[in-house]
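S.K.:
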Amino acid sequence: IRKEALAKIEEANDLKKLQEIKVTYLGKKGSLTSVLRGMGKLSEEERPVVGEIANKVREAITEEINHKTELLEQAELDAKLESETLDVTLPGRPVEAGGPHLLTSIIEEIEDLFIGMGYEVKEGPEVETDYFNFEAMNMPKGHPARDMQDTFYITNELLLRTHTSPVQARTMQQYGGAKPVKMICPGKVYRRDTDDATHSHQFTQIEGLYVDKNVRLSDLKGTLDKFAKSIFGNDREIRLRPSFFPFTEPSVEMDISCKVCKGAGCSVCKHSGWIEILGGGMVHPDVLEMAGYDSKVYTGFAFGMGPDRIAMLKYGIDDIRHFYTNDKRFLTQFHHAQ
Ligand code: PHE
Numbered sequence: 578i579r580k581e582a583l584a585k586i587e588e589a590n591d592l593k594k595l596q597e598i599k600v601t602y603l604g605k606k607g608s609l610t611s612v613l614r615g616m617g618k619l620s621e622e623e624r625p626v627v628g629e630i631a632n633k634v635r636e637a638i639t640e641e642i643n644h645k646t647e648l649l650e651q652a653e654l655d656a657k658l659e660s661e662t663l664d665v666t667l668p669g670r671p672v673e674a675g676g677p678h679l680l681t682s683i684i685e686e687i688e689d690l691f692i693g694m695g696y697e698v699k700e701g702p703e704v705e706t707d708y709f710n711f712e713a714m715n716m717p718k719g720h721p722a723r724d725m726q727d728t729f730y731i732t733n734e735l736l737l738r739t740h741t742s743p744v745q746a747r748t749m750q751q752y753g754g755a756k757p758v759k760m761i762c763p764g765k766v767y768r769r770d771t772d773d774a775t776h777s778h779q780f781t782q783i784e785g786l787y788v789d790k791n792v793r794l795s796d797l798k799g800t801l802d803k804f805a806k807s808i809f810g811n812d813r814e815i816r817l818r819p820s821f822f823p824f825t826e827p828s829v830e831m832d833i834s835c836k837v838c839k840g841a842g843c844s845v846c847k848h849s850g851w852i853e854i855l856g857g858g859m860v861h862p863d864v865l866e867m868a869g870y871d872s873k874v875y876t877g878f879a880f881g882m883g884p885d886r887i888a889m890l891k892y893g894i895d896d897i898r899h900f901y902t903n904d905k906r907f908l909t910q911f912h913h914a915q
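Using the numbering used here, the letters of the sequence shown correspond one by one to residues 578 to 915.
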C-alpha cells in the first residue's frame, strides 16, 4: 500500500488528483483505513506489530501528500505570477490633450476686452420668462416684433430665450435704478430656425449694456470701434446703419469692413466690402423705466453680437454647424490658433 500510494503521489500533477489519492488511501472507505478496521480480527501478538506498521504507513502517506500539496501550490502561484507579469519597459499610450472650443475662446477673448474697459460679466437663465424676454424689452404680447424671433415656447409664460437682451432688464432690476450699470452677458440663445450653413436653432450671443448719466450714441460707436479693431485688427473700419429694435431708440446695425473675395473658399464678404456683425442702439426710455431707472436722469447704450458669426468671419469658417457637430478634425484646428 505504501509503495503504491507514494508512487501515485509522485505522479499526481494537480491538487485535485492529490485529493483523490488522499481519499483512496486515508478516507473512510480507504484501503489503509480498512486495514486498521480489520485489526480486531488479529491475534494479541499480531495487533501491535500490524498497528505500528499501519500507523507508519499512514504517517508516511500523510507527510508525502502535505509535501506534494505545498509543491503544487507553489507551482500554481508561480504560473499565475508568470502569466500576470507587466512589461514596465513598454512605452505608454499617449493621452490626447483637449483644448477649449473655438466659441469658448472667442467669447473669452471678447470678455477680456470688455473687462478691460470696466464691464462686469453677467449670466442669465436660458429658460426665460415671457416677461423678461419680450415684455421688459418693450415687446408686449401681440407686438409684431415678436415675429422677428421665432420662439421655442415651453408654456405660455416660459420659453427658451431668443436673445441675451433679457439680462439687460434683469441686471438693471438687480441694480435697483440708482447705480450705473456696465455689463456684458455671454450665453446660449435659441430660435426656431431650420439649421443650415448660416442658421442654427441654438447659437451664442454676447449682450452689452452701459447705463449712466450722459451716455451717448458716440460712446457706443467708440466702444464698438475699439471692439472691432481689437478682435479683427487695426486696419478694420466700422459703420453704423439705422435699424430697428423695439428696445433701442435709435437703433443701429454695425458693419465691419472686409476684403472682398471671389470664388471657392470665399464664404464671407463676397460683395460690398462690409459685413454686418451686430445690432445695438440707445436703450429705449420705456426699457429703462420698466427696469426702475429714471429715463430723464439715466441714458444707456446696448448691443448684441453673435460670437458664432464673429468666429466664422475671423477664421474663415463657412458653416455654423461646425461649431455644434463636434468633429475633432474641426475642433483641433483651433487649439493653437488663439
Ligand atoms: N437682441 C437683439 C437680437 O438678438 C440684438 C440687440 C441687442 C439689439 C441689444 C440692440 C440692443 O437681434
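All residues carry an ideal CB built from backbone N, CA and C; glycine is no exception. Only a predicted model underlies this, so the values are computations on that prediction, with no experimental measurement involved.
#1: I'd like the span of the alpha helix (DSSP H) that includes TYR892, first residue to last.
#2: Specify the secondary structure class of TYR730 as computed by DSSP and reduced to three states.
#3: Among ARG768, GLU659 and GLU697, which residue has its Cα nearest to the Cα of VAL704?
#4: What I want to know is whether the C-beta of HIS778 ends up closer than 6 Å to one or more non-hydrogen atoms of the ligand PHE.
#5: What whole-angstrom Cβ distance do THR748 and LEU801 have, given they're in contact under 8 Å?
#6: Note down, in chain order, each residue of its chain lying with its Cβ closer than 8 Å to the Cβ of GLY695, except the 5 sequence neighbours on either side.
#7: Distance check for ARG670 and GLY693, CA to CA, integer angstroms please.
#8: Say the cut is 6 Å; is the CB of SER742 nearer than that to a heavy atom of the ligand PHE?
#9: Measuring alpha carbon to alpha carbon, tell me which of ALA584, MET725, ALA746 and ALA774 ends up nearest LYS645.
#10: Within this structure, are the beta carbons of THR741 and GLY764 separated by less than 7 Å?
#11: Could you please give the first and the last residue of the uninterrupted beta strand (DSSP E) stretch that includes ARG816?
#12: Should LEU667 be labelled buried (16 or more other beta-carbon atoms within 10 Å of its own) or exposed?
#13: I need the straight-line Cα distance from GLY778 to PHE709, nearest angstrom please.
#14: By DSSP, does GLY617 sit in helix, in strand, or in coil?
#15: Once you ignore the five residues that flank THR706 on each side, which residues in its own chain have a CB closer than 7 Å to its CB?
#16: Are PRO819 and GLY858 closer than 7 Å when you measure CB to CB?
M.R.: In short, the structure shows the following:
#1: 884-892
#2: strand
#3: ARG768
#4: no
#5: At roughly 20 Å, the Cβ-Cβ gap does not stay under 8 Å, so THR748 and LEU801 are not in contact.
#6: LYS759
#7: 42 Å
#8: yes
#9: ALA584
#10: yes
#11: 815-822
#12: exposed
#13: Looking at the sequence shown, residue 778 is not Gly but His. Approximately 20 Å, taken between the alpha carbons.
#14: helix
#15: GLU734 and LEU735
#16: no
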